[in-house]
Amino acid sequence: MTTADRIEQEVRQQSVEIHARLHEAIGRLRIVHSDLDVAAAESPLPNAHQVVESLGHRLVEAEKVEREGSLPEIEAMGQSLLELERSLVG
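Heads up, the sequence shown is in the working numbering, so the first residue is 3 and it goes up one at a time.
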């Protein structure tokens with residue numbers, strides 16, 4: 003295996019790992035979104051539904067980046083979603 007082949011294999015593996023982390027973060031936040039949607043329906047707070055809607059928009063954006071984004075964009079979105087998840091779940 004040449005050096006170029008090893009580098010290509012490492013880059014491909016990094017890409018797979020980064021995609022997997024973003025996909026996992028999206029999946030976990032989909033569950034949070036679903037739970038928040040149920041809670042918002044029962045909440046007397048006027049902005050509860052807006053929070054759910056905002057999270058839904060972020061998830062759609064993340065799925066688009068997952069499909070079409072460059073590796074740095076995917077990595078940045080994954081980091082952003084992890085921070086969002088920490089702020090929502092604790």
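Don't be surprised by glycine CBs; every beta carbon is placed ideally from N, CA and C.
(request) Figure out for me which residue from Thr-4, Val-13, Arg-69, Leu-38 has the closest Cα to the Cα of Val-53. (result) Indexing the sequence shown from 1 puts residue 53 at position 51. Comparing Cα positions, the closest option is Leu-38.
(message) Counting C-beta neighbours from all protein chains within 10 Å, is the total for Met-79 16 or more, i.e. buried, or is it exposed?
(response) Here the question's residue 79 lines up with position 77 in the sequence shown. Buried, since its Cβ has 16 or more Cβ neighbours within 10 Å.
(message) Quick check on DSSP: helix, strand or coil for Thr-5?
(response) Within the sequence shown, numbered from 1, the residue matching residue 5 stands at position 3. The answer is helix: DSSP assigns Thr-5 an H, G or I state.
(request) Confirm, please, whether the CB-CB distance from His-25 to Gly-58 is below 8 Å. (result) Here residue 58 corresponds to residue number 56 of the sequence shown, with the count starting at 1. Here residue 25 corresponds to residue number 23 of the sequence shown, with the count starting at 1. Against a cut-off of 8 Å, the Cβ pair of His-25 and Gly-58 comes out as no contact.
(message) Taking 7 Å as the limit between beta carbons, can you name the residues of its chain near Val-93, skipping five residues before and five after?
(response) In this structure the chain extends from 3 to 92, so residue 93 is not present and cannot be described.
(request) Return helix, strand or coil for Leu-2, following the three-state DSSP convention. (result) In the structure as shown, the chain starts at 3 and stops at 92, and residue 2 therefore has no counterpart that could be examined.
(message) Would Leu-73 and Arg-32 be called neighbours here (beta carbons separated by less than 8 Å)?
(response) Reading the sequence shown from its first residue, position 71 is the one you call residue 73. Reading the sequence shown from its first residue, position 30 is the one you call residue 32. For Leu-73 and Arg-32, no; Cβs fall outside 8 Å.
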